[in-house]
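Structure first, then comments.
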Amino acid sequence: MNDLVDELRAIVGARHVHDRSENLDRWEVEPMRKYHSRARAVVCPGSTQEVAAIMRLAHETATPVVPVGGNTGLAGGTFAGDDERAIMLSLERMNRIREIRPASRIAIVEAGVVLDTLHQTAAEHDLIFPLTFGARGSCTIGGNLSTNAGGSNVVRYGNTRDLCLGIEVVTPQGRIVDLMSELHKDNTGYSLKNLY
3 MNDLVDELRA IVGARHVHDR SENLDRWEVE PMRKYHSRAR AVVCPGSTQE
53 VAAIMRLAHE TATPVVPVGG NTGLAGGTFA GDDERAIMLS LERMNRIREI
103 RPASRIAIVE AGVVLDTLHQ TAAEHDLIFP LTFGARGSCT IGGNLSTNAG
153 GSNVVRYGNT RDLCLGIEVV TPQGRIVDLM SELHKDNTGY SLKNLY
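The opening residue of the sequence shown carries number 3 in the working numbering; numbering runs sequentially from there.
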């Protein structure tokens with residue numbers, strides 16, 4: 003098992019892999035304290051390519067992977083269980099707002115962007131991102147998408163997935179799939195972004 007942790011360190015750097023020698027409560031204990039995971043390690047990639055390399059390694063070694071966002075969810079979605087083979091994949095370092103396009107009202111962001119940061123950046127461009135709720139200062143866009151969070155503006159603007167035009171996905175085998183789109187209405191085939 004230590005070989006796996008060493009390989010993860012080779013992918014993302016030693017300081018971005020946290021193992022059982024450290025206190026992992028920040029990632030393993032969810033807000034309601036109902037679930038407490040016991041993962042082998044927490045790995046924090048900084049790019050899509052690093053996520054892909056981690057997923058390839060996990061696939062090759064049959065290692066369970068549990069993604070972690072801001073750890074604000076109340077549904078137990080980041081619960082890794084007691085499987086000490088599992089790794090938790092924290093996207094907290096993938097927190098860049100890559101681009102804001104005011105004319106088309108599009109923001110391209112990474113999964114680890116905190117919702118409130120997106121609100122502030124949108125406001126700098128005289129725009130709003132309508133998703134809002136109490137955890138906005140710590141929840142992440144990736145977590146919002148994975149739970150299809152609604153919030154207090156849901157009746158007018160829809161859930162998170164309604165606000166998402168496209169995504170970039172890393173499959174369990176480590177393949178990067180580009181499902182980015184700028185079309186607000188796209189009825190060309192299946193909505194693959196909602197399958198992931």
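Backbone N, C-alpha and C fix where the C-beta goes; we use that ideal spot for every residue, glycine too.
Quick caveat, the model's predicted, so the values are computed rather than measured.
**Q.** Proximity to residue 148 [Cα-Cα], best of 72, 43 and 58
**A.** Here residue 148 refers to the residue found at position 146 when the sequence shown is read from its first residue. When each option's Cα is compared against that of residue 148, the closest is 72.
Q | Three-state class that DSSP yields for residue 121 in the structure shown | A | Counting from 1 along the sequence shown, the entry for residue 121 is found at position 119. Correct three-state label for residue 121: helix.
Q: From the DSSP output, in three-state form, read off residue 127 for me.
A: As a first step, residue 127 must be located in the sequence shown, where it is residue number 125. Residue 127: coil per DSSP, three-state reduction.
**Q.** Proximal residues to residue 185 (C-beta, below 8 Å), its chain only, five neighbours per side dropped
**A.** As a working mapping, residue 185 is identified with position 183 in the sequence shown. For residue 185, where only same-chain residues beyond five positions count, the Cβ hits under 8 Å are 167.
Q. Using the beta-carbon count (16 or more within 10 Å), is residue 28 buried or exposed?
A. Within the sequence shown, residue 28 is the residue found at index 26, counting from 1. Exposed, since its Cβ has fewer than 16 Cβ neighbours within 10 Å.
Q) Taking one C-beta from the region 174 to 181 and one from the region 55 to 64 each time, how about it: are there three or more such pairs within less than 8 Å? A) yes
Q: Name the residue from 126, 159, 140 and 31 whose alpha carbon lies nearest to the alpha carbon of residue 103.
A: If you number the sequence shown from 1, residue 103 lands on position 101. Looking at the Cα atoms, 126 is the closest of the given residues.
Q.
By the DSSP assignment, the beta strand (DSSP E) with residue 181 in it spans what residues?
A. Walking along the sequence shown from the start, residue 181 turns up at place 179. Per DSSP, residue 181 belongs to the beta strand (DSSP E) from 178 to 181.
Q. Just checking my contact of residue 120 with residue 99 at CB under 8 Å: how many whole Å lie between their CB atoms?
A. Working through the sequence shown from its first residue, we reach residue 120 at position 118. Working through the sequence shown from its first residue, we reach residue 99 at position 97. Indeed, because the Cβ distance is near 7 Å, the residues count as touching under 8 Å.
Q. Once you ignore the five residues that flank residue 17 on each side, which residues in its own chain have a CB closer than 6 Å to its CB?
A. Residue numbering aside, residue 17 sits at position 15 when the sequence shown is read from its first letter. Correct list: empty, nothing qualifies.
**Q.** Buried or exposed (CB count within 10 angstroms, at least 16 for buried), residue 157
**A.** Taking the first residue of the sequence shown as 1, we reach residue 157 at position 155. By the 10 Å Cβ count, residue 157 comes out exposed.
Q. Roughly how many whole angstroms lie between the Cα atoms of residue 65 and residue 19?
A. Indexing the sequence shown from 1 puts residue 65 at position 63. Indexing the sequence shown from 1 puts residue 19 at position 17. Roughly 15 Å separates the two Cα atoms.
Q. What does a CB cutoff of less than 7 Å around residue 31 pick up in its chain, not counting 5 residues either side in sequence?
A. In the sequence shown, the residue the question calls residue 31 occupies position 29. Counting only Cβ-Cβ distances below 7 Å, and skipping sequence neighbours, we find 38.
Q.
Quick check: the Cα distance between residue 187 and residue 170, rounded to an integer number of angstroms?
A. Reading the sequence shown from its first residue, position 185 is the one you call residue 187. Reading the sequence shown from its first residue, position 168 is the one you call residue 170. Cα to Cα, the separation comes out at about 18 Å.
Q: Along the beta strand (DSSP E) that carries residue 193, what are the first and last residues, could you check?
A: As a first step, residue 193 must be located in the sequence shown, where it is residue number 191. Here residue 193 belongs to no beta strand (DSSP E), and DSSP marks it neither H nor E.
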